[in-house]
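Protein chains in written order, with the numbering used here: chain A, 1 to 294; chain B, 1001 to 1294; chain C, 2001 to 2294; chain D, 3001 to 3294; chain E, 4001 to 4294; chain F, 5001 to 5294. Beta carbons: idealized from backbone N, C-alpha and C, even for Gly. These notes concern the structure reproduced below.
Number of protein chains: 6
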Amino acid sequence: MTNSIQQAATLLEALPYLQKFYGKTIVIKYGGNAMINSDLKRSVIQDIILMKYVGIRPVLVHGGGPEITAMLKKLGKQSTFISGLRVTDEETVAIAEMVLVGKINAEIVSLLNTAGAKAVGLSGKDANLLVAKKHLAKVHEAGEIREVDIGFVGDIAHVNTGIIDTLLENDYVPVISPIGSDENGQSYNINADYVAGELAAAIGAEKLLLLTDVEGIYRDYYDKGSFISTLALDDAREMITAGSIDGGMIPKVEACVRALAGGTAKTHIIDGRQPHSLLLEIFTDRGTGTEVVR
Amino acid sequence: MTNSIQQAATLLEALPYLQKFYGKTIVIKYGGNAMINSDLKRSVIQDIILMKYVGIRPVLVHGGGPEITAMLKKLGKQSTFISGLRVTDEETVAIAEMVLVGKINAEIVSLLNTAGAKAVGLSGKDANLLVAKKHLAKVHEAGEIREVDIGFVGDIAHVNTGIIDTLLENDYVPVISPIGSDENGQSYNINADYVAGELAAAIGAEKLLLLTDVEGIYRDYYDKGSFISTLALDDAREMITAGSIDGGMIPKVEACVRALAGGTAKTHIIDGRQPHSLLLEIFTDRGTGTEVVR
Amino acid sequence: MTNSIQQAATLLEALPYLQKFYGKTIVIKYGGNAMINSDLKRSVIQDIILMKYVGIRPVLVHGGGPEITAMLKKLGKQSTFISGLRVTDEETVAIAEMVLVGKINAEIVSLLNTAGAKAVGLSGKDANLLVAKKHLAKVHEAGEIREVDIGFVGDIAHVNTGIIDTLLENDYVPVISPIGSDENGQSYNINADYVAGELAAAIGAEKLLLLTDVEGIYRDYYDKGSFISTLALDDAREMITAGSIDGGMIPKVEACVRALAGGTAKTHIIDGRQPHSLLLEIFTDRGTGTEVVR
Amino acid sequence: MTNSIQQAATLLEALPYLQKFYGKTIVIKYGGNAMINSDLKRSVIQDIILMKYVGIRPVLVHGGGPEITAMLKKLGKQSTFISGLRVTDEETVAIAEMVLVGKINAEIVSLLNTAGAKAVGLSGKDANLLVAKKHLAKVHEAGEIREVDIGFVGDIAHVNTGIIDTLLENDYVPVISPIGSDENGQSYNINADYVAGELAAAIGAEKLLLLTDVEGIYRDYYDKGSFISTLALDDAREMITAGSIDGGMIPKVEACVRALAGGTAKTHIIDGRQPHSLLLEIFTDRGTGTEVVR
Amino acid sequence: MTNSIQQAATLLEALPYLQKFYGKTIVIKYGGNAMINSDLKRSVIQDIILMKYVGIRPVLVHGGGPEITAMLKKLGKQSTFISGLRVTDEETVAIAEMVLVGKINAEIVSLLNTAGAKAVGLSGKDANLLVAKKHLAKVHEAGEIREVDIGFVGDIAHVNTGIIDTLLENDYVPVISPIGSDENGQSYNINADYVAGELAAAIGAEKLLLLTDVEGIYRDYYDKGSFISTLALDDAREMITAGSIDGGMIPKVEACVRALAGGTAKTHIIDGRQPHSLLLEIFTDRGTGTEVVR
Amino acid sequence: MTNSIQQAATLLEALPYLQKFYGKTIVIKYGGNAMINSDLKRSVIQDIILMKYVGIRPVLVHGGGPEITAMLKKLGKQSTFISGLRVTDEETVAIAEMVLVGKINAEIVSLLNTAGAKAVGLSGKDANLLVAKKHLAKVHEAGEIREVDIGFVGDIAHVNTGIIDTLLENDYVPVISPIGSDENGQSYNINADYVAGELAAAIGAEKLLLLTDVEGIYRDYYDKGSFISTLALDDAREMITAGSIDGGMIPKVEACVRALAGGTAKTHIIDGRQPHSLLLEIFTDRGTGTEVVR
């Protein structure tokens, strides 16, 4: 009996969120451990299926660094890095695209479809979804910042949302690989966090959820007591400028800033190592991770 | 942490039901204690709001015997009963209609709207929803069954579902009083269980839920061990014929039989004294009460 | 033969009005003798059916003072009055609602449906149609005006036209009881003339017709020669301020003023004691009663 | 006052017909005196405008024999006749088309538009509305019937209703000249009564009204007492076979037979010399002329 | 083989034009030799059919001066001319209308339909397409310009595009006679070039094509070397003012100016004596004739 | 001038085909030389763009054997073959999928989009487009045919056309990789010819075009004089049974048979080595290659 009271309580706690998010679009950046550990993987898939069935429109953007690295190694392709970014020649970007689109994306689509969704994989090339331009790496040298060409690493020049709109209106779940192309059809590898942020802004998403492998953002990374539950947009910008955000978190915080500036209501950096962290974030009163808000 | 695992489990347990009932219509007969006790009342309202927000289309039919009796008493109107049915003259049916439509229905509509739904009250007269014909009471006399005219107690001759369809398509929650009228506009008081059963059949409801003040159906009412969780349609018909169903439950079981015959997939007689019994019946694996199925 | 020439002439006289009002909404305040005398009642119902079949969208608002008074008396409930308004406690408003919604409204709906319309009864609570706030009576005391709380007598705070739009688009005739509720679901009894005026403004009605038991407005009530056929909006406002309008007509004139201010093109105060006065007002060149226009 | 009672009575008498014909299509064959006398002309135009504004969809087919004859004479073109049909060579059919389409049709369209309709003239060539084939005249010779080629007089091989549907759905009044063409584009002059009958059948008209210059059909033309108000389809066929119908009425009765066979509910032969005969036929209880029914 | 390479090249050359004009409306003024010579006639019809099948929406406006003159002569009607315009009395305009609508228009419609289009003939009277007003002739007299009433020669006061929109949306090809009428239904004969120009402006045509019997416009008509391929809008206006445009070309250039001012992107004066000049103008890189552009 | 006559002739020759295929779906199997030679590649892309702009709905299915073989070799993966089919273990099918979806498909999409289409790449996994089941190789052994499991080589069990319909209705060009999956999400490599045939049948394509590297089908492969322009469905079936079709052509002929049986009107095996062979096949009178028809 106790159990049924708790069950009813949980369902009722979810009620205002069901109401709030009905028919709304949520962009999810799927990456890290949640993409490797098979239990976590199943938990993410279940969470997305549940969102779908309560009328939410989830859009997934996935990463895939480790698998790209593994394939480059298998094919005997050496990589060099500048400022943490892989120097990406024609062959490297082709391999990255092949792994992201032909392997990782295909697997996520398959898991979602087997679980009952109607998922459709997209690369940024499909219907010109992600128009890319060259990203220049910033190199700190002798007290100066110099921009260096590192090949086919891209920034987003423009998002053509038509195909996403068509798929969402027809009840499909779009799964997007972070590959874009310029007007000549040249492929670019783009940071998946940035893709998620730009997409959220472009399609007018209600929420952006970024799965990571940490609890969230700390004001001081070494002081567990300095955990930040809610970070205002201006604070976030300031922390980026001040350099007080841990390197790995910078793209995530920047993605949040971009989405918020573009009209997304709330953005969340969530610990993907916790099972059903998406579900709990959306449907329960307890927030998890760090939310960045206007 | 434990709690969040349970919460996620509950939400995930609800998943297949969310999927199954999305866009489906569920007819709920609301009556008994759940209409009197204010905690239970709030729990029913919450349950219906939740259904609405996960894409279910609830349709309520309410009863109101005790309040009609109270008003008749206040107005000094005496009632006689034949075979358990109130002899209903012109004045009595007018008072019944006034109480059902102008008081009980109005209150339910108000509770739902205050809680965030868009409820609209209907009597069976609105848009000719419930076309009625005279119901004759069956009197057992000297080993024979004789039919007796007891006034304006009605059976349903026809259901015009147009207004229900219009309201459901426009996202309203219809709340229906069990009053019908014949082609001359004469009002009839109709048993609310029958109204719910006929409506479920006519609008092609997926489910019929009847709230009662007992646990469900027992094969032998005095043997608590004879509780029936699932009752097949044929068994139900047999038990009615055999007279082995407790008098008060007969209209409910007959309503189930009618709905099932008309195409409703499942019907349930539920203990309305348990808080959130609607929610638990619909969204959890544990069944409550007795289900009557084909 | 003569007759057929007259018939053709009447039909042709109606032509420009048929053209003008096709697809337009007309709000009708139904009250007074026309609601009591059974011949007049039938004539009003026929007129509304005819409007419907020539493509007009009629919306009815009904009153019901005498029947409320009768029921209060039957139930032994004493009333006191302040400035002509009934002091309305919780019990009184509940009885008023019961009579208006459960008796008068139901009867009008039934008459319309029997005559071939698809009428649907609404109270202002349905789909939050009429959001009410407390109306304070104005008491003239020692040369000053003091506002007095007389209970659950309401003014209209807001009209949610959604349910009216849905019903009109689906070819139903809405019949509305002058009961509203506030955000807590508390019922208020509202003057039906005001409801008609506010509704006409809110739904963008083409015309407002108010049935009364007099010929119309006189500049000097005791001088039959001072009858006003057409009254300009500004004149109407002035006459209200100057106190030169007979008490019973004030709410009607104020309803006209409100509707005109909200965009209704023309408003009419019509003698409901004349059979088919609605029909003649709408479809013939002769005006009846007093029209208040911009 | 008396007058207003009569006016109301007329409007109410029209009520069931308004209801019955709302949204229905009525084909009207316009010809004879009603096309020549300017008062009758105005009366027909007014009647059609009224139909339009009460939601009826009128479709006009016009004739024009006298004007064709006049133009042929002006141009010095001699005509010979076989079995009452004009021998129609290439030049004659071209003149007929010119007069029907470029003069008579244009004038009717203009009158309707000036009176407030949106009329569009069509010949049977437009969008291949009337596909024609050669009509052979039947010559009684020495007790035998011989078929004779009299040139470009046509029968209807097929009706393409697309353009009529498009115009009716967009609220236009189609006005049709009785000119058809075969697959090579060759023009044919077709009897306008037949065109009206075939059109009524093809577009599923509710009613066919044929204006003539007589009272209707007599069983014995010389016995005014033998007037037929209602003629059954089978009787009509029999009377045609028996030759007991006056020559000029044969095409009209055959048009009725054709329309009824194609699904039209009722057909009427009406005295077009009586003002507003269309209006009185449709909207009053008194029938005029002869109706041919199934 | 060579041939198939050329065929592929032609189809590919057409590609950008197919893309550019898909779904766009093109107004074509059809007149001159192309309406008389039967080979040219067939070539124009084929070109229009091809436009239709690649998704272009052609609208035809035709002239017909020579045939009107011939008919006037046949009917023994004398004409006088003022400033090159026929003095047009009631009888003359009636004959013009009859010939344009009942003969020329009907023939073009028939040719298009036989070739596979769904053409519908319209006069400017249909659905009030062309509302006309009197055009006054300008007479140069003693160094002054005097305006003279020459009867029912019209200018365009207003274009009601509704019927054109309806026909285009339903895939019909409108063929329009240059006859308009004023609010009293009086017919006017209007210059077909002006009709084409005004129509192009009113319906937002992408292109206006005017068929003539010359190569195009010359800066100096007697110097073949002064041919103008592209004429800017301002130059065109200047040349009209300066009187340096040949008389017959003035209405064509003015029609271009009118269409361009109204939003049409490009206008072309084309040599209709060259077979398939419409096709070559639209679908090949080589321009023919003179284009007038902004 | 000669040239413009030829141009007009080509455009006019294309006319009936434009008419015939407007709005129709054509499935194209893209493979062989036309996928390797860069001139041919550009010619295929141009042809598809042209189809799109004349209102045809092209659907591409691509192969990719040589590139899969190259990648397997690069990754040091050995292949064995049974009856000409590659034994396909888990690793092999993963590599095939990666190359087909992540490389070849992506490149075609990119070429189409750069040329002006809106192409979207799909694998058979997307929205469960291609539901696969295991294909067993047939091994001829000692006069008997034995079925052998060769791993994840698939047949098509079912086609879910929903995503194709959605994309076509929204003007996208679907580009499909021949990868399917079963209900457990297991990937299968499927022969692209079969995919094209099944798809054509499932989506009701008007035409199936299969690009090959030969002229078409010969009755006797060594006798150039035995070339077959048109092959009847029954003959095709017979030739397959009789073993008289060259091995490489069998899947193509079987794909034609499958599409024709499923309702496709015509199927064509076309020499992809000839530039613009698609265009010439569709838009000119000369047929190329072999057509298989009912």
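- Cβ proximity to chain F below 8 Å picks out Gly162, Ile163, Thr166, Leu167, Asn170 and Tyr172 from the region 149-173 of chain A.
- A residue is called buried once 16 or more other Cβ atoms fall within 10 Å of its Cβ, and His276(A) is buried on that count.
- When only Cα atoms are considered, Ala3196(D) and Ala117(A) end up about 57 Å apart.
- CA-CA distance, Met3035(D) to Gly3065(D), rounds to 11 Å.
- Counting along the chain, Asp193(A) sits inside the alpha helix (DSSP H) bounded by residues Ala192 to Ala202.
- With respect to chain D, the C-beta atom of Leu4011(E) has no partner C-beta closer than 8 Å.
- For Ile2049(C), the neighbours in chain D by C-beta distance under 7 Å run, in chain order, Leu3015.
- Under the 8 Å criterion on CB atoms, Thr1114(B) is classed as interfacial with respect to chain C.
- Non-local beta-carbon contacts of Tyr3022(D) in its own chain, meaning distances under 8 Å to residues more than five positions away in sequence, involve Val3054, Gly3055 and Ile3056 in chain order.
- Using a CB distance below 8 Å, the part of the region 3115-3132 of chain D facing chain E consists of Lys3118, Ala3119, Val3120, Gly3121, Leu3122, Ser3123, Lys3125, Asp3126, Ala3127 and Asn3128, ordered along the chain.
- Ser4181(E) places its beta carbon less than 8 Å from that of Gly4124(E).
- Classified as buried, Ile3156(D) has 16 or more neighbouring CB atoms from the shown chains inside 10 Å of its CB.
- According to the DSSP assignment, Lys5077(F) belongs to no beta strand (DSSP E), since it is labelled neither H nor E.
- A residue is called buried when at least 16 other Cβ atoms come within 10 angstroms of its Cβ; His2135(C) meets this threshold and is buried.
- Rounded to the nearest angstrom, the gap between the Cα atoms of Ala3255(D) and Asp4047(E) is 41 Å.
- Rounded to whole angstroms, the separation of the alpha carbons of Thr4241(E) and Lys4207(E) is 24 Å.
- Runs of the beta strand (DSSP E) lying entirely within the region 4193-4254 of chain E, each at least 3 residues long, are 4207-4212 and 4230-4232 in chain order.
- Between Ile3176(D) and Ala3127(D), the C-beta spacing is not below 8 Å.
- Asp4271(E) is a Cβ neighbour of Thr4288(E), given a cutoff of 8 Å.
- Out of Arg5286(F), Thr5264(F), Thr5114(F) and Thr5010(F), the CA that lies nearest to the CA of Val131(A) is found in Thr5114(F).
- With its beta carbon less than 8 Å from one in chain F, Ser110(A) belongs to the interface.
- Among the CB atoms of chain B, one or more fall inside 8 Å of the CB of Leu2100(C).
- The C-beta separation of His4268(E) from Leu4231(E) comes to about 10 Å, leaving the pair out of contact by the 8 Å criterion.
- Chain order gives no chain E residues near Pro5058(F), where near means a beta carbon separation below 9 Å; the closest approach is about 14 Å.
- Thr4284(E) reaches chain F at Ser5004, Gln5007, Ala5008 and Leu5011, counting residues in chain order whose Cβ is nearer than 9 Å.
- Contact check for Val5214(F) against Ala5236(F) fails: the beta carbons are separated by 8 Å or more.
- By the Cβ criterion, the region 6-22 of chain A is not in contact with the region 185-204 of chain A, since fewer than three pairs of Cβ atoms, one from each stretch, lie closer than 8 Å.
- Neighbours of Leu2018(C) in chain D, taken as residues at a C-beta separation under 8 Å, are given in chain order as Leu3050, Tyr3053 and Val3054.
- Cβ-Cβ separation between Pro1058(B) and Val1173(B): approximately 6 Å, consistent with a contact (criterion under 8 Å).
- Residue range Leu1130 to Glu1141 is occupied by the beta strand (DSSP E) that includes Ala1132(B).
- In the three-state reduction of the DSSP assignment, Lys5052(F) falls in the helix class, which pools H, G and I.
- Put simply, the CB of Ser5181(F) is near chain A, with a gap under 8 Å to one of its CB atoms.
- Taking C-beta separations shorter than 8 Å and ignoring five residues to either side along the sequence, the partners of Ile5145(F) in its chain run Lys5138 and Val5139, following chain order.
- A Cβ-Cβ separation of about 5 Å places Leu4260(E) in contact with Arg4294(E) under the 8 Å criterion.
- Around the Cβ of Lys1073(B), a 10 Å sphere holds fewer than 16 other Cβ atoms; the residue is exposed.
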